[in-house]
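Notes follow once the structure below has been shown.
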DNA sequence: GTCCAGCAGGTGGTCAGACCACTTGACCAC
DNA sequence: GTGGTCAAGTGGTCTGACCACCTGCTGGAC
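Protein chains in written order, with this note's numbering: chain A, 1 to 240; chain B, 1 to 240.
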């Protein structure tokens, strides 16, 4: 039997999720005022500290604005939310948002080659060796999930070599969105992570320290799956 | 006289900042255990809920890991922090981190053209009109801060037109890092936001719906300031 | 001596109730 | 109208308590 870790959802977690859903799913419009903490606590059947903690987390995510003595209002998440909200917006009301998925694929296709170019510029022989090991590990497995894990580790090395904190943090945010769904994505990503040849070409380009070649090679790694997934997403959208 | 809104720092805010600094500035290594909530509350002279709220926010930012009944440990922020932590990492221990600034400039130079290309693909006549208005507003002012505000509004339109939630959220995160420092950056960004001509070329390219031309035009808008700032940053680093 | 069940202590999770600080809006005097 | 006052409601903070959970120690069984 397939056991899995029990997920203990704390009370504030639960409240946070509910309020977040209200905001993200549009039940609460931007500018609208939330009920008071006391009232929310009463309605949800929890204590005020629990509500408070959830609202503070919403504030930290720039989704709410609290004013001491005044009302707590909803902010426009499209305008203020940070990249960390991406996973929550990818799946809204239980269904995958095709437009959001498309945007992630497009972003990947822009950023991946840019990072690869920087890595080529800055990486040394040690990087080339590490990348080669990583591709070898990728090539050595047949399991689609394991391949994705290896591909992720590969890109992790590339991002490290790019020596760019901005890209590193973007990568972290995107990975945080990607990892929980890795099993669900095994089938659709199989095409990409199976292209060991393309990864080897990219590795060679980075190893040679040639940014432009690396840029092109990274594009060749990412584009095929991007294109076919975008086609699939368009098909889904038109069916629905 | 230059009045400005009074900033009221709440107790949990203060605690959050202190703990964040400890983590980000390396006083607390990754894997290290934090003192217990009760102990922290005692040491900091605040109540436990205040400490608790701060720690929860740290957890939300993926900088801490709390285990019910066990200790709270520090996570590796380089590996787990999201893009929203960027502003806090840009200025560490009170000084601007040149490497982080460089990474932001590089990221901008990769993402800007990508977004411009998407906007060209998807924007219509309405977008062209809005962008033209925005550039006109940019051209009509002499104040460096006001110009930056207009440039920000311009890019906001471009990101909107790109119709990409992933890029929109990145832009939001980067803007949240940029806006508070906008006055301090007035001088160094003056070169870029003064290039009205380059913005007009970009606007025309987007208006024509030609992604590749737009990509190049966006590069021409962003690259000059990027290059000169990178040179300046290198000089700073070598002096220190 | 070795092993392990059981317990005690410490930790985070949650709650209730209280009081303070602040904003808002109604009301009133001018 | 203008400005002051006040009450009501809101968020901000604290105290103290209890529950759920993990860890390490301890003492008995072997």
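Yeah, the Cβ is synthetic: ideal placement off N, Cα and C, and Gly gets one too.
**Study point:** Residue span of the beta strand (DSSP E) that contains residue 72 of chain A, given as start and end
**Key:** The residue given as residue 72 of chain A occupies position 72 in the first chain. That run of the beta strand (DSSP E) goes 72–74.
Review point. If you check the beta carbons only, do residue 102 of chain B and residue 230 of chain B fall under 8 angstroms apart?
Key: Here the question's residue 102 of chain B lines up with position 102 in the second chain. Here the question's residue 230 of chain B lines up with position 230 in the second chain. Against a cut-off of 8 angstroms, the Cβ pair of residue 230 of chain B and residue 102 of chain B comes out as a contact.
Review point. Given a threshold of 16 other Cβ atoms within 10 Å of its Cβ, counted over all protein chains shown, does residue 197 of chain A qualify as buried or as exposed?
Key: Taking the first chain and counting its residues from 1, the one referred to as residue 197 of chain A is at position 197. Classification of residue 197 of chain A: exposed, given that the 10 Å Cβ count is below 16.
Review point. To the nearest angstrom, how far is it from the Cα of residue 139 of chain A to the Cα of residue 145 of chain A?
Key: Here the question's residue 139 of chain A lines up with position 139 in the first chain. Here the question's residue 145 of chain A lines up with position 145 in the first chain. Going from the Cα of residue 139 of chain A to the Cα of residue 145 of chain A covers about 13 angstroms.
**Study point:** Option nearest residue 27 of chain B by Cα separation, candidates B:75, B:108 and B:66
**Key:** In the second chain, the residue the question calls residue 27 of chain B occupies position 27. Residue B:75 is the option with its Cα nearest to residue 27 of chain B.
Check your understanding: Using a C-beta cutoff of 8 angstroms, does residue 170 of chain A count as contacting chain B?
Key -> Sequence index remark: in the first chain, residue 170 of chain A carries index 170 (1-based). Yes, because at least one Cβ of chain B sits closer than 8 angstroms to the Cβ of residue 170 of chain A.
Exercise for review: Report yes or no: is there a C-beta of chain B within less than 8 angstroms of the C-beta of residue 111 of chain A?
Suggested key: Indexing the first chain from 1 puts residue 111 of chain A at position 111. Yes, residue 111 of chain A counts as interfacial toward chain B.
**Study point:** Those runs of the alpha helix (DSSP H) which lie wholly inside the region 94–166 of chain A and span at least 4 residues
**Key:** 98–122, 125–139 and 144–162
Practice item. Please determine, among A:59, A:109 and A:115, the residue with the shortest C-alpha to C-alpha distance to residue 156 of chain A. Key: By one-based count along the first chain, residue 156 of chain A stands at place 156. Among A:59, A:109 and A:115, the Cα nearest to that of residue 156 of chain A belongs to A:115.
Practice item. Give the range of the beta strand (DSSP E) segment to which residue 201 of chain B is assigned. Key: As a position in the second chain, residue 201 of chain B is number 201, starting the count at 1. Counting along the chain, residue 201 of chain B falls outside any beta strand (DSSP E), though it belongs to the alpha helix (DSSP H) covering 196–207.
Review point. Taking Cβ positions only, does residue 212 of chain B come closer than 8 angstroms to chain A?
Key: Within the second chain, the letter at position 212 stands for residue 212 of chain B. It does not; no Cβ of chain A falls within 8 angstroms.
**Study point:** DSSP three-state assignment for residue 92 of chain A, whether helix, strand or coil
**Key:** On the first chain, residue 92 of chain A is found 92 positions in, with the first residue counted as 1. Correct three-state label for residue 92 of chain A: strand.
Review point. Ordered along the chain, which non-local residues of its own chain (more than five positions away) have a Cβ less than 8 angstroms from that of residue 177 of chain B?
Key: Locating residue 177 of chain B in the second chain gives position 177, counting from the first residue. Cβ neighbours of residue 177 of chain B beyond the five flanking positions: 86, 87, 90 and 104.
Check your understanding: What did DSSP end up calling residue 64 of chain B once you bin it into helix, strand or coil?
Key -> Sequence index remark: in the second chain, residue 64 of chain B carries index 64 (1-based). Of the three classes helix, strand and coil, the one that applies to residue 64 of chain B here is strand, per DSSP.
**Study point:** Neighbouring residues, chain A, relative to residue 89 of chain B (Cβ below 7 angstroms)
**Key:** The residue labelled residue 89 of chain B in the question sits at position 89 within the second chain. Going along chain A in sequence order, the residues near residue 89 of chain B (Cβ under 7 angstroms) are 165.
Point to revise | Nearest residue (CA-CA) to residue 40 of chain A, options A:162, A:136, A:124 and A:71 | key: Locating residue 40 of chain A in the first chain gives position 40, counting from the first residue. For residue 40 of chain A, the nearest C-alpha among the options comes from A:71.
**Study point:** DSSP three-state assignment for residue 218 of chain B, whether helix, strand or coil
**Key:** Locating residue 218 of chain B in the second chain gives position 218, counting from the first residue. Residue state, collapsed to three classes: helix.
**Study point:** Extent of the continuous alpha helix (DSSP H) run through residue 9 of chain B
**Key:** Reading the second chain from its first residue, position 9 is the one you call residue 9 of chain B. Where residue 9 of chain B is concerned, there is no enclosing alpha helix (DSSP H), given that its DSSP letter is neither H nor E.
Check your understanding: Is the distance from the Cβ of residue 108 of chain B to the Cβ of residue 222 of chain B below 8 angstroms?
Key -> For the purposes of this step, residue 108 of chain B is taken as the residue at position 108 of the second chain. For the purposes of this step, residue 222 of chain B is taken as the residue at position 222 of the second chain. For residue 108 of chain B and residue 222 of chain B, yes; Cβs fall inside 8 angstroms.
Practice item. Count the C-beta pairs between the region 186–193 of chain A and the region 124–135 of chain B that are closer than 8 angstroms, then say yes if the count reaches three, no if not. Key: no
Review point. What whole-angstrom Cβ distance do residue 241 of chain B and residue 203 of chain B have, given they're in contact under 8 angstroms?
Key: Any property of residue 241 of chain B remains undetermined from this structure, which presents chain B solely from 1 to 240.
Exercise for review: Reducing DSSP to helix, strand and coil, say where residue 184 of chain A ends up.
Suggested key: Along the first chain, read from residue 1 onward, the residue named residue 184 of chain A stands at position 184. Looking at residue 184 of chain A - three-state DSSP - the assignment turns out to be coil, as it is neither helix nor strand.
Point to revise | Per DSSP, cross-strand counterpart(s) of residue 33 of chain A | key: Locating residue 33 of chain A in the first chain gives position 33, where the first residue counts as 1. According to DSSP, residue 33 of chain A bridges with A:73.
Review point. What is the rounded straight-line gap between the Cα of residue 96 of chain B and the Cα of residue 179 of chain B?
Key: Numbered from 1 along the second chain, position 96 holds the residue referred to as residue 96 of chain B. Numbered from 1 along the second chain, position 179 holds the residue referred to as residue 179 of chain B. About 16 angstroms.
Review point. At a Cβ threshold of 8 angstroms, is residue 221 of chain A touching chain B?
Key: Along the first chain, read from residue 1 onward, the residue named residue 221 of chain A stands at position 221. So, not an interface residue.
Check your understanding: Taking the Cβ atom as the reference point for each residue, do residue 131 of chain B and residue 99 of chain A lie within a distance shorter than 8 angstroms?
Key -> Indexing the second chain from 1 puts residue 131 of chain B at position 131. Indexing the first chain from 1 puts residue 99 of chain A at position 99. No, the pair does not count as a contact, with Cβ atoms beyond the cut-off.
Review point. Alpha carbon to alpha carbon, how far is residue 73 of chain B from residue 63 of chain B?
Key: Position 73 of the second chain, counting from 1, holds the residue named residue 73 of chain B. Position 63 of the second chain, counting from 1, holds the residue named residue 63 of chain B. Between residue 73 of chain B and residue 63 of chain B, the C-alpha separation is close to 9 angstroms.
Exercise for review: Report the residues of the region 63–86 of chain A with a CB closer than 8 angstroms to any CB of chain B, ordered along the chain.
Suggested key: 68, 78, 79, 80, 81, 82, 83, 84, 85 and 86
Review point. Nearest-angstrom Cα distance between residue 224 of chain B and residue 20 of chain A?
Key: For the purposes of this step, residue 224 of chain B is taken as the residue at position 224 of the second chain. For the purposes of this step, residue 20 of chain A is taken as the residue at position 20 of the first chain. Their Cα atoms are separated by approximately 41 angstroms.
Review point. Rounded to whole angstroms, how far is the Cβ of residue 113 of chain B from the Cβ of residue 218 of chain B, which I believe are closer than 8 angstroms?
Key: Indexing the second chain from 1 puts residue 113 of chain B at position 113. Indexing the second chain from 1 puts residue 218 of chain B at position 218. Sure, about 4 angstroms apart at Cβ, within 8 angstroms.
Exercise for review: Could you tell me which chain B residues have their CB closer than 9 angstroms to the CB of residue 106 of chain A, listed as they occur along the chain?
Suggested key: As a working note, residue 106 of chain A is residue 106 in the first chain. Here the neighbours are 114, 118, 162, 164, 166 and 167.
**Study point:** Burial state of residue 111 of chain B (16 or more Cβ within 10 Å)
**Key:** Numbered from 1 along the second chain, position 111 holds the residue referred to as residue 111 of chain B. Buried: at least 16 other Cβ atoms inside 10 Å.
Practice item. Determine which residues of the region 33–50 of chain A have a Cβ less than 7 angstroms from any Cβ of chain B, and write them out in chain order. Key: 49
**Study point:** Minimum Cβ-Cβ distance from residue 57 of chain A to chain B less than 8 angstroms
**Key:** Position 57 of the first chain, counting from 1, holds the residue named residue 57 of chain A. Yes, residue 57 of chain A lies at the interface with chain B (some Cβ there is under 8 angstroms from its Cβ).
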